[in-house]
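Numbering that gives the first Met the number 0 numbers the first residue of the sequence shown as 0 and each following residue consecutively.
Yeah, the Cβ is synthetic: ideal placement off N, Cα and C, and Gly gets one too.
Since this is a predicted model, take the numbers as computed values, not measurements.
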Amino acid sequence: MEIRQLLYFLEVAKQKNMTKAAEILHVSQPALSKMVKSLEEELGMTLIIRSNKSSEVTDSGLIVMEYAKKLLALLDEMSMTLEDMSNLQRGMIQIGIPPIAGSLFFPKVLAQFHKAFPNIKINITEYAAPRLTKKVLDGEIELGIAVLPVHEDDLDVLPIVSEEMKLLVQKDHPLATRESVHLKELEHEEFIFFSEDFALHDIIWKQCISEGFEPNILFKSSQWDFMSEIVAANLGVTILPESICNRVENEQIKILDLIPATPWNLAVVTKKDKYISNAARKFIAFIVKQEN
0 MEIRQLLYFL EVAKQKNMTK AAEILHVSQP ALSKMVKSLE EELGMTLIIR
50 SNKSSEVTDS GLIVMEYAKK LLALLDEMSM TLEDMSNLQR GMIQIGIPPI
100 AGSLFFPKVL AQFHKAFPNI KINITEYAAP RLTKKVLDGE IELGIAVLPV
150 HEDDLDVLPI VSEEMKLLVQ KDHPLATRES VHLKELEHEE FIFFSEDFAL
200 HDIIWKQCIS EGFEPNILFK SSQWDFMSEI VAANLGVTIL PESICNRVEN
250 EQIKILDLIP ATPWNLAVVT KKDKYISNAA RKFIAFIVKQ EN
């Protein structure tokens with residue numbers, strides 16, 4: 000079995016189309032088809048069901064996909080190790096970040112890191128919380144920035160950012176004259192929530208449940224600035240991290256302390272017992288230094 004066979008098979012499985020996969024791999028379609036066929040013959044089972052319009056992966060193909068990804072991840076890890084040994088000043092880091100953390104914290108950090116280590120390339124992809132941790136565990140990204148808590152025993156977790164959530168209300172709201180509000184007092188309010196893909200959704204939801212009520216969600220969004228504008232229009236209240244609140248400049252909004260304190264913490268997560276490249280270790284140390 001050749002590594003190229005696995006690479007070609009994975010691309011066909013990903014694209015579900017032999018022609019498109021051939022274009023991406025820069026090989027002819029007959030050559031690609033022959034390579035996949037040779038893998039099937041070697042394994043003695045059908046991996047791809049071919050039709051004129053698509054190429055569907057069989058149950059056997061799904062198992063091969065799973066192990067092929069693990070094998071290729073190990074090869075990437077070997078390459079990173081060898082690269083570190085030969086040239087400690089160069090490297091590539093694959094990072095996953097949640098959308099909110101990306102816009103709040105990382106532009107400045109990335110600029111400073113690039114200035115300090117110009118030969119280290121960084122590939123950043125935005126992922127929602129559950130998908131991000133899975134990508135780290137699967138070895139598809141080297142490290143992730145996750146919202147705590149993280150419920151994965153196979154991850155190493157290094158906290159880097161700690162702050163509290165704040166309540167946003169319209170300036171004419173009955174609570175707007177207060178400096179702080181107990182979460183229990185919001186039982187009958189209409190909430191503007193982040194979408195379910197965001198860790199913040201579950202954090203606030205669980206906090207409300209712990210106070211004895213289920214939040215009445217009027218609207219969900221993935222954009223904090225849009226959420227704050229809805230609050231400014233007096234259509235509901237929302238709860239956002241303090242760093243986001245510091246960016247809200249709408250005079251129609253009053254920002255209040257929330258009781259009990261509801262934390263919003265970020266951490267670097269890496270897979271336990273997995274080799275972490277020298278470049279990634281430098282980046283992690285750089286983040287910790289900047290945030291402390």
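In this structure, the beta-carbon distance from VAL230 to ILE252 falls below 8 Å. Here THR237 carries a strand assignment [DSSP, helix/strand/coil].
Out of LEU46, ILE2, ASP75 and SER53, the CA that lies nearest to the CA of VAL63 is found in LEU46.
By the neighbour-count criterion, in which 16 or more other beta carbons inside 10 Å mark a residue as buried, TYR66 falls on the exposed side.
For LYS13, the closest of GLU55, LEU31 and ASN51 by C-alpha to C-alpha distance is GLU55. For SER179, the closest alpha carbon among the candidates VAL168, GLU189 and HIS187 is that of VAL168. By the Cβ criterion, the segment 132-139 is not in contact with the segment 206-221, since fewer than three pairs of Cβ atoms, one from each stretch, lie closer than 8 Å. In this structure the segment 38-45 does not lie against the segment 103-112, because fewer than three pairs of beta carbons, one per stretch, are closer than 8 Å. 8 Å or more divides the Cβ of ASN249 from the Cβ of LEU147. Comparing alpha-carbon positions, the option among LEU131, ILE159 and LEU166 lying closest to GLU151 turns out to be LEU131.
A straight-line Cα-Cα distance of about 11 Å links LEU257 and ILE203.
Going by DSSP, THR57 is part of no beta strand (DSSP E) at all; its letter is neither H nor E. In the three-state reduction of the DSSP assignment, LEU46 falls in the coil class.
In this structure, the beta-carbon distance from PHE193 to SER161 does not fall below 8 Å. DSSP places ALA21 in the helix class (H, G or I) of the three-state scheme.
By the neighbour-count definition (other C-beta atoms within 10 Å, threshold 16), ALA279 is a buried residue.
In this structure, ASP224 is the residue among GLN4, ASP224 and VAL267 with its C-alpha nearest to the C-alpha of ILE191. Following the DSSP letters along the chain, one finds ILE2 inside the alpha helix (DSSP H) bounded by residues 2-14. Taking ASP153 as the centre and dropping the five residues before and after it, the same chain places the C-beta of LEU136, LYS270 and LYS271 closer than 8 Å to its C-beta, in chain order.
If you ignore the 5 residues before and after GLN93, its C-beta comes within less than 7 Å of the C-beta of ASN122, ILE140 and GLU141, all in its own chain and listed in chain order. With contacts defined as CB atoms closer than 8 Å, LEU166 and GLU189 fail to qualify as a contacting pair. DSSP, read as helix, strand or coil, puts VAL180 in strand. The three-state reading of DSSP puts THR269 in strand, counting E and B together.
Per DSSP, the unbroken beta strand (DSSP E) holding PRO158 starts and ends at 154-169. Taking HIS200 as the centre and dropping the five residues before and after it, the same chain places the C-beta of PHE192, PHE193 and SER194 closer than 7 Å to its C-beta, in chain order.
Here the alpha carbons of ALA127 and PRO97 stand approximately 5 Å from one another. Take GLN4, set aside five residues on each side of it, and the residues of its chain with a beta-carbon closer than 7 Å to its own are MET34, SER37 and LEU38, in chain order. Judged by their CB atoms, ILE144 and VAL267 are nearer to each other than the 8 Å cut-off.
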